[in-house]
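Chains as they are written, first to last, in my numbering: chain A, 39 to 157; chain B, 39 to 157. Ideal Cβ positions, reconstructed from N, Cα and C, are used throughout, including at glycine.
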DNA sequence: TCAGGTACTCACCAAAAAGTAAGTACGGCT
DNA sequence: AGCCGTACTTACTTTTTGGTGAGTACCTGA
């Protein structure tokens, strides 16, 4: 029950891809990691205003299982864990780019607000 | 409460796009409509094995609200309603294509099964 | 006459996803 | 001594999502 009940039979490629990106914060995590290269847990948390620690851990674990992110643990005294995109994570991000462009256009069309995030 | 509580402030374009595609069957509806051009309600239902009438109606309504699909009602005696993609629906589908390709690759990688659908 | 097809709506229920709040082990800083 | 920060885990609750099955109004074909 730790991981998700996914990887099921898919209707098509989009279905398979959506399975992996589904989750309130997953695409944002992807973006954050792509943008910053490597991030620590607390950095991600701060970069994603509103995310709960539980969801962040959960999503990161699933994305690790799905081969999208790499988790590097440093056995140090204040714990340190670094997350980064794997090759598959990078290619997924690239595949997501046109969708992002479409979404940006849509935001302009409907005049949607943007969540303010500071780098 | 009929429609969805969406269109909220978005973090980025992907967020905005995902909002519109989120839902178990939406991407499949998009694909079905793109593939066949125009489809009646029952045709869609038959093309999406496993979808419930409730969800199909609900998703179609939301997609109509979001300007992705066009709903043409013929006031005839056995009711007839035709659904087709709008310009925005078509462009969303195009933006989804690379994601679909990525997903297809992933299916091959992990050896995921495909749901059997007959045309 | 009666099942079957059209395109739905409605009420109810189950499951999944996400949020909340607390706890944990350890050290540094003040 | 006491609080902050690290990176989590755990239990519990709420919200959201999706599924089930019935009902509707009308017509067609067997």
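Exercise for the section: Within 10 angstroms of the Cβ of residue 64 of chain B, are there 16 or more other Cβ atoms? Answer buried if so, exposed if not. Expected result: In the second chain, counting from the first residue as 1, residue 64 of chain B sits at position 26. Buried.
Problem - Alpha carbon of residue 51 of chain A to alpha carbon of residue 115 of chain A, nearest angstrom - result: By 1-based counting over the first chain, the position of residue 51 of chain A is 13. By 1-based counting over the first chain, the position of residue 115 of chain A is 77. In a straight line, the C-alpha of residue 51 of chain A is about 43 Å away from that of residue 115 of chain A.
Handout entry: Of the listed residues A/120, A/90, A/125, nearest to residue 105 of chain A (C-alpha basis)
Key = On the first chain, residue 105 of chain A is found 67 positions in, with the first residue counted as 1. Minimum Cα distance to residue 105 of chain A is reached at A/125.
Problem - Those residues which DSSP pairs with residue 65 of chain B across a bridge - result: On the second chain, position 27 is the one that residue 65 of chain B refers to. DSSP output for residue 65 of chain B lists no bridge partner at all.
Exercise for the section: Could you round the C-beta distance between residue 76 of chain A and residue 122 of chain A to whole angstroms and report it? I think they count as a contact, below 8 Å. Expected result: Translated into positions along the first chain, residue 76 of chain A becomes position 38. Translated into positions along the first chain, residue 122 of chain A becomes position 84. Sure, about 5 Å apart at Cβ, within 8 Å.
Problem - Per-residue contacts from residue 150 of chain A into chain B (C-beta, under 8 Å) - result: For the purposes of this step, residue 150 of chain A is taken as the residue at position 112 of the first chain. In chain order, 45, 46, 47, 48, 54 make up the part of chain B whose C-beta sits under 8 Å from the C-beta of residue 150 of chain A.
Problem - Coarse secondary structure for residue 76 of chain A, derived from DSSP in three states - result: Taking the first residue of the first chain as position 1, residue 76 of chain A is located at position 38. DSSP places residue 76 of chain A in strand when its eight states are reduced to three.
Handout entry: Backbone secondary structure at residue 123 of chain B - three-state DSSP
Key = In the second chain, residue 123 of chain B corresponds to position 85, counting from 1. If DSSP states are grouped into helix, strand and coil, residue 123 of chain B belongs with the strands.
Handout entry: Local conformation of residue 109 of chain B per DSSP, three classes
Key = Residue mapping note: residue 109 of chain B aligns to position 71 of the second chain, counting from 1. Residue 109 of chain B: strand per DSSP, three-state reduction.
Problem - Close Cβ partners of residue 157 of chain B (< 8 Å) along its chain, the five nearest in sequence each way excluded - result: Counting from 1 along the second chain, the entry for residue 157 of chain B is found at position 119. Here the model assigns residue 157 of chain B a pLDDT of 41, short of 50, so the residue's position is not dependable and the matter cannot be decided.
Practice task
Report the rounded CA-to-CA distance for residue 142 of chain A versus residue 60 of chain A, giving the unit in angstroms.
Solution key: For the purposes of this step, residue 142 of chain A is taken as residue 104 along the first chain, with counting starting at 1. For the purposes of this step, residue 60 of chain A is taken as residue 22 along the first chain, with counting starting at 1. Cα to Cα, residue 142 of chain A sits roughly 19 Å from residue 60 of chain A.
Practice task
Pull up the CB-CB distance for residue 134 of chain B and residue 68 of chain B, whole angstroms please, since I reckon it's below 8 Å.
Solution key: The count along the second chain starts at 1 and reaches residue 134 of chain B at position 96. The count along the second chain starts at 1 and reaches residue 68 of chain B at position 30. About 7 Å separates the two Cβ atoms, so the contact holds.
Problem - For residue 87 of chain A and residue 79 of chain A, the rounded distance between their alpha carbons - result: Looking up residue 79 of chain A in the first chain gives position 41. Looking up residue 87 of chain A in the first chain gives position 49. Linking residue 79 of chain A to residue 87 of chain A through their CA atoms gives a straight-line distance of about 13 Å.
Practice task
Taking all protein chains shown into account, decide if residue 144 of chain B is buried (16 or more other Cβ within 10 angstroms of its Cβ) or exposed.
Solution key: In the second chain, counting from the first residue as 1, residue 144 of chain B sits at position 106. With 16 or more Cβ atoms within 10 Å of its Cβ, residue 144 of chain B is classed as buried.
Exercise for the section: Could you tell me whether any non-hydrogen atom of the ligand ZN is closer than 8 Å to the CB of residue 131 of chain A? Expected result: In terms of ligand content, the structure shown is empty, and the ligand ZN therefore cannot be addressed.
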